[in-house]
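In this note's numbering, the protein residues as written are -1 to 153.
Ideal Cβ positions, reconstructed from N, Cα and C, are used throughout, including at glycine.
The block underneath contains the structure these notes are about, expressed in structure tokens.
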């Protein structure tokens, strides 16, 4: 599986995720984003130095796909998914079963991002398995991270 992350839709939430990944040091070659607005594509390239492409191209090259489009635009996101691709949705109000059915894909996680507040303590972290591949690490104040089940440095 590739470490490349594709963010489909770079409105406010998509750009916030992109900005956070860039600030956290994610290599720019591992990021690709999409937008339907040509002017916005230029802004994103200039501001972040990332590749901006169409949805189908982004989906082909990514191991993780963040669906950051408006719920009513979910049907516009197309592309061939590999079985091992992980879909992360930040679309409000769209259940996992709807996303799974739309994309004919089983590896779907729904995430609601929140701003970080106080650092977590060991006692405040809860770990639960989502499936055989993904572990959800829940921290206080909505700080949830997803980890591969084989990783051991979860918190």
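Which of the three DSSP states is assigned to residue 75 in this structure? The count along the chain shown starts at 1 and reaches residue 75 at position 77. If DSSP states are grouped into helix, strand and coil, residue 75 belongs with coil.
For residue 105, which beta-bridge partners are listed by DSSP? Counting from one through the chain shown, the residue named residue 105 turns up at place 107. DSSP lists no partner for residue 105.
Buried/exposed call for residue 78, threshold 16 Cβ in 10 Å: Start at 1 with the first residue of the chain shown, and residue 78 comes out as number 80. With fewer than 16 other Cβ atoms from the protein chains shown falling within 10 Å of its own Cβ, residue 78 counts as exposed.
The region 64 to 72 / the region 4 to 24 touching (three or more Cβ pairs under 8 Å): yes
Assuming residue 105 and residue 83 make a contact with CB atoms under 8 Å, what is their CB distance in whole Å? Along the chain shown, one-based indexing puts residue 105 at 107. Along the chain shown, one-based indexing puts residue 83 at 85. That belief holds up - the Cβ atoms of residue 105 and residue 83 are roughly 7 Å apart, short of 8 Å.
Just mark residue 22 as buried or exposed, buried being the case when its beta carbon has 16 or more other beta carbons within 10 Å. Residue mapping note: residue 22 aligns to position 24 of the chain shown, counting from 1. When all chains shown are included, residue 22 counts as exposed.
According to DSSP, what are the bridge partners of residue 49? Stepping through the chain shown from its first residue, residue 49 is reached at position 51. Residue 49 pairs with 30.
Return the residue from the list 69, 80 and 75 that minimises the CA-CA distance to residue 93. Within the chain shown, residue 93 is the residue found at index 95, counting from 1. Closest option to residue 93, Cα to Cα, is 69.
For the candidate residues 110, 75 and 90, whose alpha-carbon lies nearest to that of residue 101? Your numbering for residue 101 matches position 103 in the chain shown. Looking at the Cα atoms, 75 is the closest of the given residues.
How about residue 51 and residue 31: are their beta carbons less than 9 Å apart? In the chain shown, residue 51 corresponds to position 53, counting from 1. In the chain shown, residue 31 corresponds to position 33, counting from 1. Going by C-beta atoms, residue 51 is nearer than 9 Å to residue 31.
Would you say residue 46 and residue 26 are within 9 Å of each other, going by their C-beta atoms? Locating residue 46 in the chain shown gives position 48, counting from the first residue. Locating residue 26 in the chain shown gives position 28, counting from the first residue. Yes. Within cutoff.
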